[in-house]
Structure formats: C-alpha cells, structure tokens
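Numbering (full-length UniProt numbering), first residue to last: 1 to 310.
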Amino acid sequence: MALDFAAGCLGGAAGVLVGHPFDTVKVRLQVQNVDKPLYRGTFHCFQSIVRQESTLGLYKGIGSPMMGLTFINAIVFGVQGNAMRMLGRDTPLNQFLAGASAGAIQCVICCPMELAKTRMQMQGTGEKKSKRKLYKNSLDCLVRIYNREGIRGINRGMVTTLLRETPGFGFYFLTYDVLTRSLGCEPEDPYMIPKLLFAGGMSGIVSWLSTYPVDVIKSRLQADGVGGVNQYSSIIDCVRQSVNKEGWRVFTRGLTSTLLRAFPVNATTFATVTLFLIYMRQGEECSLQDSEPKPVQLQPLQPQTQPTSL
C-alpha cells in the first residue's frame, strides 16, 4: 500500500508538471468574455500568455494541484483498491465501477483545489506583472474565499465536479484496463513503455471526451465572482446563459488544449508509476496487471486533471 501510494504521488507530480500549461490555456478559453474575447484559439492563447505574462504565466495556480496531490492519490488508490476487492472479480465493468467510486469520493479534495487553481489562473490576465494581486498563492486564495463565503464558497462547483469526476474516472480506468489487456503489456515486453504511454494517453483522452461539457460549466461557475460580480445563479442558469450567448459550441471551448494536455499528462503518469514499481519490485514475479495500481488525471491531472486533474 505504501509503495503504491508513493508511486501514485510521483506519477501524479510528473503529470501536473507536464500538463499544467495546457490546463491554464483551457481555463482561459473556457471563461473568457465572448463579447470581448482576448484569445482567438488555443495557440493564440498560449502565445499571448507567454508574451504578456512570461512563461511563468502558464504555471499560475500550479500550487493548488500540487498541494492536493497527496490527498487525492491516497483517496483514489484506497477507494479503488477496496472497491475492486469488494466486487471480487477483475472485469472491465468492475474497473469502471471502482474507478467511478474513487472519482466521486476524491471530489472532497478535488473541488476546492480546482477552485483555487481556476481563480489563480484568472488572476492578472494579460499582465506580465500583476499590478494588484488579490491572492498571494493557492492557500491564501482558499482562506480568503472561506472568510468571505464560508464552506459553501470553497465548495463552489461541487455538483459539477461530481458529475464530471464520477463517470470520468470510470471511463479512465475502463479504457486503461481494456487497452493494457489488448496490447499485452507485460514487464518482459521490450515495447512495454511505448504501449503504456499509448494506453495511458488514450485513457486520458477518452475520460475527458466523456465529460468535457460538464467541465466547461464547472470552470465558469468556479471563475464566477472574480472581480466581485456574480453572473450565474445556478448550474441551469449557467448552461442557459452560455448556450443563449454562444450556442452549443460553447461546450467545446478549450477542448483542443485539453486533449493536447490529456495525452502527455496521462502517458507520463502511467509510465512514471509503472517504471517506479518495476524498479522497486525487482525480483517479484507478477504480471503488470497485478503489480500496477491504476493511477489518476490531476488538471488535468487532470483529469485531470482529467480526470486534474485526468
């Protein structure tokens, strides 16, 4: 259990470092004002952030996913492992159910973490050096929100987070299980690493595609109130206003940057976890399916982040 936990934390950290810039681009595109858009698309947004805010602008809010990484992985690995033992058989359906249960429970940490991440990513938009920083860091952001709005404030977007994470993690674990079985990933396979990279990357993509519209609404709700003005009164109101203003294409805003992020993040996460476990468990005769826990996306992973994160 301790070894699996350490592997998950290491893989999750690697995934966050690789994918956070793409997550920043995704959030900026999702929440920008359609009447006065700052960015024309994914690559223009990326270039604009680097030019106006420096490369460090792409890493705004990274403290929040890093801060919650340990707790999220502990919850996910514990719940997923116990769920599989309770279900008894290692089948694709049980992988989906175990993943979904893990995704739902980790929302307790994921929702406040992503709220802070989103607020930090929106801070100082278009400024190389912010003239006035509302939040010093992710922890300060959560403290300020709590002091102003209480528990309800730091759990803003919890329902949409549940609606995203529960099926998202289910599809994530299901896809990974099916692909690794189909590809025949075994420790002695000389092509094991490329296969793991492919399986992990595709699992992240499938997970995000399955719930992306919900993520758009979640980002808008969590960014709402920045600047002191609340635009949405509920999830339904957010959906209604978004569709009325921008049409159904609103639910694909930021999708390109999300998918660009999903593959390398989850490929990195799976490869890191697997190589760590193989190195630490040298001499053990066990298949990949027995020796490797299914890691999670922090966002991205990721999820996630993304999934965070899938």
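Even for Gly, the Cβ is constructed at its ideal location relative to N, Cα and C.
- Boundaries of the alpha helix (DSSP H) harbouring Y146: 138-154, taken from the DSSP string.
- Segment contact: the segment 223-239 against the segment 7-20, fewer than three CB-CB distances shorter than 8 Å; contact not assigned.
- V265 is the residue among L142, V265, A116, A83 whose C-alpha sits nearest the C-alpha of L197.
- Apart from sequence neighbours up to five positions away, the residues of its chain that approach Q121 with a beta-carbon distance below 6 Å are T24, V27, K60, G61, ordered along the chain.
- In terms of Cβ geometry, G103 and E165 form a close pair [threshold 8 Å].
- Under the three-state reduction of DSSP output, R51 falls in the helix class.
- Spatial neighbours of Q222 in its own chain (CB-CB distance under 6 Å, excluding positions within 5 residues in sequence) are listed in chain order as L115, T118, R156, G157.
- With respect to the C-alpha of W248, the residue from S257, T269, V214 having the closest C-alpha is V214.
- In this structure, the straight-line span from the alpha carbon of T258 to that of F46 is close to 13 Å.
- CA-CA distance, M192 to T175, rounds to 17 Å.
- Distance from the CA of P37 to the CA of D224, rounded to the nearest whole angstrom, comes to 16 Å.
- A distance of 8 Å or more separates the beta carbons of F171 and S138.
- Taken through DSSP and simplified to helix, strand or coil, Q222 comes out as helix.
- Nearest to C110 by C-alpha distance, out of L162, F96, L93, is L162.
- Residue environment for T55: exposed (fewer than 16 other C-beta atoms within 10 angstroms of its C-beta).
- In chain order, F22 place their CB closer than 6 Å to the CB of L260, counting only its own chain and leaving out the 5 sequence neighbours on each side.
- Going by C-alpha positions, L255 is about 9 Å away from Q30.
- Just so you know, the alpha carbons of N147 and D189 end up roughly 54 Å apart.
- Apart from sequence neighbours up to five positions away, the residues of its chain that approach F251 with a beta-carbon distance below 6 Å are P213, V216, ordered along the chain.
- Looking only at I145, E149, I235, F173, the smallest Cα-Cα distance to V76 is reached by F173.
- T160: member of the alpha helix (DSSP H) spanning 158-183, first to last residue.
- When the five nearest sequence neighbours on each side are left out, the beta carbons in the same chain lying within less than 7 Å of the beta carbon of M202 are those of T175, L179, in order along the chain.
- Distances from the alpha-carbon of Y279 to those of P187, L134, G124 put P187 closest.
- The beta carbon of D177 sits closer than 7 Å to those of P92, Q95, all from its chain and outside the five residues before and after it, given in chain order.
- Sorting E149, V159, T268 by C-alpha distance to the C-alpha of S234 places V159 at the top.
- Counting only runs of 4 or more residues that sit fully inside the segment 223-274, the alpha helix (DSSP H) segments are 235-246, in chain order.
- A direct Cα-Cα distance of roughly 10 Å separates T269 from A262.
- Bounds of any alpha helix (DSSP H) do not take in I62, whose DSSP letter is neither H nor E.
- Just measuring C-alpha positions, the residue of R85, L10, I145 sitting nearest M66 is L10.
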